[in-house]
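A.B. asks:
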Amino acid sequence: MSAQSPDIAVHPLVIIGSGFSSFCLVAHLLETHAVKATDITIIGPHPFGYGAAYSATHGDYRLNVRAQIMRIFSGQPDDFLNWAATELEDNEARNPQGAFYRRSDFARYLSYLSKRIEGFDALNFMDMQVASLAQHKQCWQLNLTNGDSLMADQLVLATGNPPPRWPCEVSASLSTERAVENPWSGKWLENIKTSDKIVFIGGGLTAMDGLYSLANKGHEGKIEIVMPFAVLPPKQTDWKIEPPVKWPDNIASASQFLKFFSNTLGSRNWTAPAWQSRFEALRINLNAVWQGLDDTEKKRLLRYMGHWWQLARFRSAPQNFEAAQAMMNKGQLQLIKGRVSGLKKQEAKLLVQLQDGSTLSADKVVNCTGPAGCPLILKLLKAGIIAPDFSQRSARIASDFKVLDGQKKPYDNLYALGAMTASSLGDVIGAGTIAKQAESLAASLAPLFR
Ligand SMILES: Cc1cc2nc3c(=O)[nH]c(=O)nc-3n(C[C@H](O)[C@H](O)[C@H](O)COP(=O)(O)OP(=O)(O)OC[C@H]3O[C@@H](n4cnc5c(N)ncnc54)[C@H](O)[C@@H]3O)c2cc1C
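According to the working numbering, the sequence shown is numbered sequentially starting from 1.
(1) What three-state label does DSSP hand D153 in the structure shown?
(2) Between the C-alpha atoms of Y212 and A324, what's the straight-line distance to the nearest angstrom?
(3) Could you check where the beta strand (DSSP E) with W140 kicks off and where it finishes?
(4) Select from E118, A158 and K299 the residue whose C-alpha is nearest the C-alpha of A419.
(5) Work out the CA separation of G338 and V226 for me, nearest whole Å.
(6) So who's on the other strand from A134, going by DSSP bridges?
(7) For S423, count the other beta carbons within 10 Å of its own beta carbon; 16 or more makes it buried, fewer makes it exposed. Which is it?
(8) Give me the Cβ distance between P12 and F401, rounded to the nearest whole Å; I'm assuming they're in contact under 8 Å.
(9) Closer than 8 Å: is that where the CB of M420 sits relative to any heavy atom of ligand 1?
(10) Inspect the beta-carbon positions of L311 and P234 and report whether they are closer than 9 Å.
(11) Can you tell me which of the three DSSP states T369 falls into?
(12) List the whole-angstrom C-beta distance separating A281 from P243, where the pair is believed to meet the contact cut-off of C-beta under 8 Å.
(13) Let me check you understand the geometry: is the CB of M151 closer than 8 Å to at least one non-hydrogen atom of ligand 1?
(14) Let me confirm a value: V130 is counted as buried when at least 16 other C-beta atoms fall within 10 Å, else exposed. Which label applies?
(15) Closest by CA to S341, which one among Q355, Q332, I15 and P447?
(16) What does DSSP give as the partner residues of N124 in its beta bridges?
(17) Helix, strand or coil for M227? Go by DSSP, reduced to three states.
(18) Quick check on E220: buried or exposed, where buried means 16 or more other Cβ atoms within 10 Å of its Cβ?
(19) Helix, strand or coil for N95, going by three-state DSSP, please let me know.
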């Protein structure tokens, strides 16, 4: 570490965020490239690697993919599976479709890796939040929420999935036990009475986690899910990993994309293993095609298929899917097409208002609408330090992970990684894709530290 100014030291490499993306990058830098651990500083909450997805402590929250997909090193596809075979007793994980372990157990595996890979104990880990950034003499000055500052020579943003925020007006007087804004930890399940009437806002994998957990608790009350299209995600099958589909080089519009995509996919039966295998083979090289579309075509494509994509791509663990089906079959669970516009108290109940003017009454309301905007990124966008992507809410990132400045020129020493890169770089949300991205970024960064 060298001194930039009398009071602020320069750290060779700083990663903002301590979730799975950050962990994978560090694992590759240490294990594959033997970068010196003391050159790496991570800023974010403990425990390292857990982030939004794997800090869930609730025992019913499961991985939504089978164990082999949760790989960090492409050359060791069965590493988590092998570890689980000796370390875990979890009969419920096993399904004909594969083993779907608890997310909290995947977190334990990450902790095990951090002991197995040499150097993790020598990293500079700062359990802090970065409040703002500024460029200073070719370096980045990071200002922490506790008032301290530090300088980074190379900086990686890996701020991931910011906690969900209500998608509607919510009256201030609601208790957080009854109106659950962020259900990701699963703690809200401790405060549910068996007879409670529950409304979920949003029907993706967070809602599916909730349904499975409620079924396991023997929940008897009615459950309603309000969602823009009244369809739950399909169940994962034992789809096979097929060779990647080669996309044409000349796809420049949403309609060309859709035509090639649906012709190659053929069937519309997303519950069939053959469909899921083909879909996954299409996804392997999809990000380059997405990056080749201009902003207008990206927006158009999302309008056509964004919602469908979320369901097709975030398929449900079989346990969760079956719990939801059983609830629907007995009339306990109802899907309601619509969007929520407000939430307030009405006597002893909560009143959920929908955009079409109708209302629902509930004992508990759970927000399952997914990640919100990242406060740090929004601040950088507002200050013109980074360029917005087509959504105007996230950073514009080049294919080599460099973040673009306000004039859309790539910074030499500012990179982005993981879930936060999805709207620029494509379908970079799941652990497998993030791990590949981390492998590639580690290979570009490592030579700077020799
Ligand atoms: C609830 C949930 C369940 C999921 N389940 C699965 C699954 O089963 N399988 C799968 O493949 N994928 C799953 N995912 C997808 C997930 O995106 C990836 O697997 C991966 O965990 C994303 O990691 P990340 O590091 O990019 O983001 P995150 O996990 O969100 O980590 C980002 C980290 O950055 C920190 N941070 C943010 N801003 C700052 C700041 N200003 N200063 C310091 N630190 C900051 C955050 O506190 C957090 O620790 C799930 C996602 C969610 C949200």
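Where a beta carbon is used, it is the ideal one built from N, C-alpha and C, also for glycine.
C.D. replies: Let me spell this out:
(1) strand
(2) 7 Å
(3) C139 to L144
(4) A158
(5) 6 Å
(6) Q141
(7) buried
(8) Contact doesn't hold; Cβ gap of about 17 Å is too wide.
(9) yes
(10) yes
(11) coil
(12) Indeed they touch by this definition, with Cβ atoms about 7 Å apart.
(13) no
(14) Classification for V130: buried.
(15) Q355
(16) T41
(17) strand
(18) exposed
(19) strand
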